[in-house]
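This report refers to the structure that appears directly beneath it.
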Amino acid sequence: MTALVRLRLAGFLRTGRALAPVLAGLLALGVLYGGGRARPAEAYGVSAVVLFPVLAWQTKILLDVEPDVQRRLARVVVGPVRERAAGLLAAAVAGLGTVAVALVFPWLVGGVTGETGPGDRSVAAGVALGLWAHLLALPAAVALGALASRAITRSAGYGVAVLSVGAVGALVLGLSDSVLPWLAPPVMPTARALTGDLTASAALLLSAWALVWVVVALAGYAWGRRTRA
Amino acid sequence: MRLEDVWLRYHRRGPWVLRGAEVRFGPGEVAVVLGRNGVGKSTLLQLAAGVLRPTRGRVVDRPAAVGWVPERFPADQPFTVGGYLTGMGRLAGLSGPAVDRAVRHWVDRLGLARFHGVRLPELSKGTAQKVGLAQAMLRPPGLLVLDEPWEGLDAAARELVPELIGEVLAGGGAALVSDHRGETVRLPGASRWTVADGTVTAQAPTESAGIAVVELAVPAAGVADAVARLRAAGHHVLRVRDHVAPPPATRPAEAGPPPVARPDPGPPAVAGTDPDAAPVAGAAIPASPAPAGLDAGVPARPGPPAEAAR
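Residue numbers (the working numbering), protein chains in the order written: chain L, 7 to 235; chain G, 538 to 847.
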């Protein structure tokens, strides 16, 4: 399976198709950090929100860059379960790269401040919470991108529709007075939680929420791929 | 392996492509899938290979190592021939040195050495098809599934396909081949699966059902005599044409299915020194394993002995 992950990452990086989401991600981060200095945890919470659609789009591109027949060849060689898992894993690895850039970026452009006043979180704690926020958003974004991939949607139009409805839905359903917040992954609630004091139980709840959402979305992907080679 | 009551349709409300297909075949067997365009030959092959999952029914006892050669190789990938085959070898579970050995072996065997560093999108259709063949053979397959393998291949490579199948069978594997151009006369002993109206009819191999076409070169002056003698020997002469260019020599020692003309001690009808001046007669002979020698006194010239026809 590692071989297939490597083959797919190589295919993604060599085609130049990886460039579009990377540029979009950098643009979004540039806009986000252009306004002034923020404390790390708050800034990273918002960064995870703006990166959610970018990571989902990146996943869709990574899965779609491989021709359908090549995906079927891989399925014949390694079996259907590993073929699906390798695609998700490759997308997660690529996503981790983007997350790493997002964590380093604000320090390079002076978008965050290292100064801490009395009662503030330490910088290390802020970075750790930022990493946590991104790691909650990444699997959900990978699952959304997988559901929007050509293997599932079969047409470019449906693929874009699934991707945009998912991305916009995560923002709209995540607003503080949303009636159905559970339908979306908790990227917005996480960002809100990071602006104030975050209790351990709230962190645990958000993590469990993200986990359940990802499991349900990936189950949908696996079910859809059963009949879609 | 067996296909048990296999039904398949591509969409929930789509038409059934296969309805209750029921076939079985075992190690050392080869089957040819025949049928009109769009009748479901590729679908059947993909079910056997494990690309598609039956909507109803099941496929049981599929060998672990399956080599699938798709009808069109997916050449739109950013890899070189060598890089792609190495990647596919690793996918098949081969480790470092074993991958290199297997890739080198198949690249040489299929005449891909010149293209080792060429990127896949730059390959011609036939060369890409050879890469498709190579990736299926990297790990010795227990089941080799070939979808129109002769499409786009040159004469030398066409002869190679039955050879590869023979090796898979000798290794205890099985092979499944689809064909709509009658090339499968190169596979004597194959059972025939005919796909029509969603059902598959299997037919055991028959000894003398096939017909092969032998092309002979004879001096222009002796055409009438040669044709008369071939007819007298019971062969069906299809046509006589001018000899344009000598075909590329493939594998003269081919012990292929159709017996070729045997040299005759009688007066030679072909001098063999000036083949370009010779018209060519195509004669149809039964493709049965029993020697059906031509008594026309035409020595066999090295060259593709049989242009296939059914």
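Just so you know, even glycine gets a beta-carbon here, dropped at the ideal spot from N, CA and C.
- Taking C-beta atoms under 8 Å as the contact rule, Thr205 (chain L) and Gly51 (chain L) fail to qualify, at a distance of about 15 Å.
- The beta carbon of Pro46 (chain L) sits closer than 7 Å to those of Val118, Val129, Gly132, Val133, Gly136, all from its chain and outside the five residues before and after it, given in chain order.
- Secondary structure of Ser207 (chain L) (DSSP, three-state): helix.
- In the displayed model, Val755 (chain G) falls within coil according to three-state DSSP, outside both helix and strand.
- Only residues of its own chain outside the window of five on either side were considered, and among them Ala62, Gly172 have a CB closer than 6 Å to the CB of Leu150 (chain L), listed in chain order.
- Residue range 539-545 is occupied by the beta strand (DSSP E) that includes Asp542 (chain G).
- Taking 8 Å as the cut-off, the Cβ atoms of Gly663 (chain G) and Asp691 (chain G) count as close.
- Residue state for Ser715 (chain G) is assigned as strand, using DSSP reduced to three classes.
- Within the DSSP secondary-structure output, Thr736 (chain G) pairs in a beta bridge with G:Ala733.
- Within the segment 569-592 of chain G, Ala586, Gly587, Val588, Leu589, Arg590 place their CB atoms closer than 7 Å to a CB of chain L, listed in sequence order.
- The beta-carbon of Gly624 (chain G) is placed less than 8 Å from the nearest beta-carbon of chain L.
- For Arg549 (chain G), there is no enclosing beta strand (DSSP E), since its DSSP letter is neither H nor E.
- Scanning chain L for C-beta atoms nearer than 9 Å to the C-beta of Arg776 (chain G) yields nothing, as the closest lies near 39 Å away.
- Within the segment 628-649 of chain G, contact with chain L at the beta-carbon level (separation under 7 Å) is assigned to Leu628, Ala629.
- The DSSP-derived three-state label of Ala91 (chain L) is helix.
- In this structure, Val764 (chain G) places its C-beta atom within 8 Å of the C-beta atom of Val777 (chain G).
- Counting along the chain, the unbroken beta strand (DSSP E) around Asp684 (chain G) starts and ends at 680-684.
- Residue burial annotation: Gly165 (chain L) is buried, with at least 16 other C-beta atoms found within 10 angstroms of its C-beta.
- Under the Cβ distance rule, Leu15 (chain L) does not count among the residues neighbouring chain G, no pair being separated by less than 8 Å.
- Collapsing the DSSP output to three states places Glu559 (chain G) in a strand.
- The segment 152-160 of chain L makes contact with the segment 64-76 of chain L: 3 or more CB pairs, one atom from each, lie closer than 8 Å.
- DSSP places Trp605 (chain G) inside the beta strand (DSSP E), whose first and last residues are 603-606.
- Membership of Arg14 (chain L) in the alpha helix (DSSP H) is indicated by the continuous run 8-20.
- Trp138 (chain L) counts as buried, since at least 16 other C-beta atoms from the protein chains shown sit within 10 angstroms of its C-beta.
- Inclusion of Leu681 (chain G) and Gly604 (chain G) in the CB contact set at 8 Å is warranted, their separation being smaller than that value.
- About 7 Å separates the beta carbon of Ala197 (chain L) from that of Ala54 (chain L), a gap short enough to meet the 8 Å contact definition.
- Leu189 (chain L): not part of any alpha helix (DSSP H); DSSP gives it neither H nor E.
- Residues of chain L whose Cβ lies closer than 7 Å to the Cβ of Trp605 (chain G) are, in chain order, Leu79, Val82.
- The Cβ-Cβ distance between Val644 (chain G) and Val82 (chain L) does not fall below 8 Å.
- Taken through DSSP and simplified to helix, strand or coil, Ser155 (chain L) comes out as coil.
- Chain G places a beta carbon closer than 8 Å to that of Leu10 (chain L), counting this residue as a contact.
- Straight through space, the alpha carbons of Leu109 (chain L) and Asp203 (chain L) are spaced by roughly 21 Å.
- DSSP, read as helix, strand or coil, puts Thr233 (chain L) in coil.
- Val597 (chain G): member of the beta strand (DSSP E) spanning 593-597, first to last residue.
- For Gly689 (chain G), the closest of G:Thr580, G:Gly577, G:Pro607 by C-alpha to C-alpha distance is G:Pro607.
- In this structure, Ala100 (chain L) lies near Gln64 (chain L), with their beta-carbon atoms less than 8 Å apart.
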